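Since the structure comes first, as C-alpha coordinates, the remarks are kept for the end.
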Amino acid sequence: MVKNPALIIEVRKMPKTQLAGTAAATAADIEKSIQALNKMAERLWGDGREAEAQALLNALDALNRALDRIRIGQSRRAATLH
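If you want my numbering, it's the position in the sequence shown, counting the first as 1, plus 800.
So this is what it looks like as C-alpha coordinates:
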(Lines of atoms letter the chains of each structure in order from A and count residues from 1; the text may use other names and numbers.)
(Lines give C-alpha, C1' and ligand atoms only; values in the text may rest on other atoms or scores of the structure.)
Protein backbone atom coordinates (compact mmCIF):
# COMPACT_ATOMS: atom_id res chain seq x y z
CA MET A 1 0.00 0.00 0.00
CA VAL A 2 1.35 3.40 -1.00
CA LYS A 3 1.07 5.93 1.82
CA ASN A 4 1.34 8.96 -0.45
CA PRO A 5 -0.64 8.55 -3.69
CA ALA A 6 1.23 11.53 -5.16
CA LEU A 7 4.35 9.34 -5.28
CA ILE A 8 2.82 6.84 -7.70
CA ILE A 9 4.66 6.97 -11.02
CA GLU A 10 2.79 6.08 -14.16
CA VAL A 11 4.76 3.73 -16.37
CA ARG A 12 3.82 3.64 -20.02
CA LYS A 13 4.78 0.95 -22.46
CA MET A 14 7.10 2.19 -25.19
CA PRO A 15 5.75 1.82 -28.72
CA LYS A 16 7.43 -0.85 -30.81
CA THR A 17 7.69 1.49 -33.77
CA GLN A 18 9.56 4.75 -33.67
CA LEU A 19 7.38 7.84 -33.41
CA ALA A 20 7.32 10.08 -36.48
CA GLY A 21 9.81 12.92 -36.27
CA THR A 22 11.99 11.40 -33.55
CA ALA A 23 15.54 10.26 -34.07
CA ALA A 24 16.71 6.96 -32.63
CA ALA A 25 19.42 7.23 -29.99
CA THR A 26 22.59 5.37 -30.81
CA ALA A 27 24.56 3.34 -28.30
CA ALA A 28 27.19 6.09 -28.33
CA ASP A 29 24.54 8.71 -27.45
CA ILE A 30 23.35 6.59 -24.56
CA GLU A 31 26.93 6.04 -23.34
CA LYS A 32 27.60 9.79 -23.36
CA SER A 33 24.45 10.38 -21.33
CA ILE A 34 25.42 7.67 -18.85
CA GLN A 35 28.89 9.21 -18.46
CA ALA A 36 27.41 12.67 -17.83
CA LEU A 37 25.01 11.26 -15.23
CA ASN A 38 27.89 9.37 -13.61
CA LYS A 39 29.78 12.66 -13.21
CA MET A 40 26.65 14.15 -11.65
CA ALA A 41 26.54 11.26 -9.17
CA GLU A 42 30.19 11.91 -8.28
CA ARG A 43 29.39 15.58 -7.60
CA LEU A 44 26.39 14.61 -5.47
CA TRP A 45 28.56 12.22 -3.47
CA GLY A 46 31.19 14.93 -2.99
CA ASP A 47 28.49 17.33 -1.76
CA GLY A 48 27.48 14.85 0.94
CA ARG A 49 24.30 13.73 -0.83
CA GLU A 50 25.15 10.04 -0.75
CA ALA A 51 21.54 8.79 -0.86
CA GLU A 52 20.78 10.67 -4.09
CA ALA A 53 24.12 9.65 -5.59
CA GLN A 54 23.54 5.98 -4.73
CA ALA A 55 20.05 6.05 -6.26
CA LEU A 56 21.46 7.57 -9.45
CA LEU A 57 24.28 5.03 -9.57
CA ASN A 58 21.78 2.18 -9.16
CA ALA A 59 19.71 3.53 -12.04
CA LEU A 60 22.83 3.94 -14.19
CA ASP A 61 23.82 0.35 -13.44
CA ALA A 62 20.44 -0.82 -14.70
CA LEU A 63 20.82 1.32 -17.84
CA ASN A 64 24.27 -0.13 -18.50
CA ARG A 65 22.92 -3.67 -18.18
CA ALA A 66 20.06 -2.86 -20.55
CA LEU A 67 22.50 -1.35 -23.05
CA ASP A 68 24.62 -4.52 -22.85
CA ARG A 69 21.54 -6.66 -23.55
CA ILE A 70 20.70 -4.49 -26.56
CA ARG A 71 24.24 -4.85 -27.91
CA ILE A 72 24.18 -8.62 -27.41
CA GLY A 73 20.86 -8.84 -29.24
CA GLN A 74 22.16 -6.70 -32.09
CA SER A 75 25.33 -8.73 -32.44
CA ARG A 76 23.35 -11.99 -32.49
CA ARG A 77 21.00 -10.56 -35.09
CA ALA A 78 23.93 -9.43 -37.24
CA ALA A 79 25.55 -12.86 -36.92
CA THR A 80 22.42 -14.62 -38.13
CA LEU A 81 22.02 -12.28 -41.10
CA HIS A 82 25.46 -13.09 -42.50
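By construction, the Cβ of each residue, glycine as well, lies at the ideal position given by its N, Cα and C atoms. Fair warning: this is a prediction, and the values are worked out from it, not measured in the lab.
May I ask you to report which of helix, strand or coil DSSP gives residue i?
i      : result
GLY848 : coil
THR826 : coil
To the nearest angstrom, how far is it from the Cα of residue i to the Cα of residue j?
i      : j      : result
SER875 : TRP845 : 36 Å
ALA836 : LEU856 : 11 Å
ASP829 : ARG869 : 16 Å
LEU867 : GLU831 : 9 Å
ALA879 : ALA841 : 37 Å
ALA853 : SER833 : 16 Å
ARG843 : GLY873 : 34 Å
ARG865 : ASN858 : 11 Å
Can you tell me the Cβ-Cβ gap for residue i and residue j, rounded? I've got them flagged as a contact below 8 Å.
i      : j      : result
ARG871 : ALA824 : Incorrect: roughly 15 Å between the Cβ atoms, too far for contact.
LEU860 : ASN838 : 6 Å
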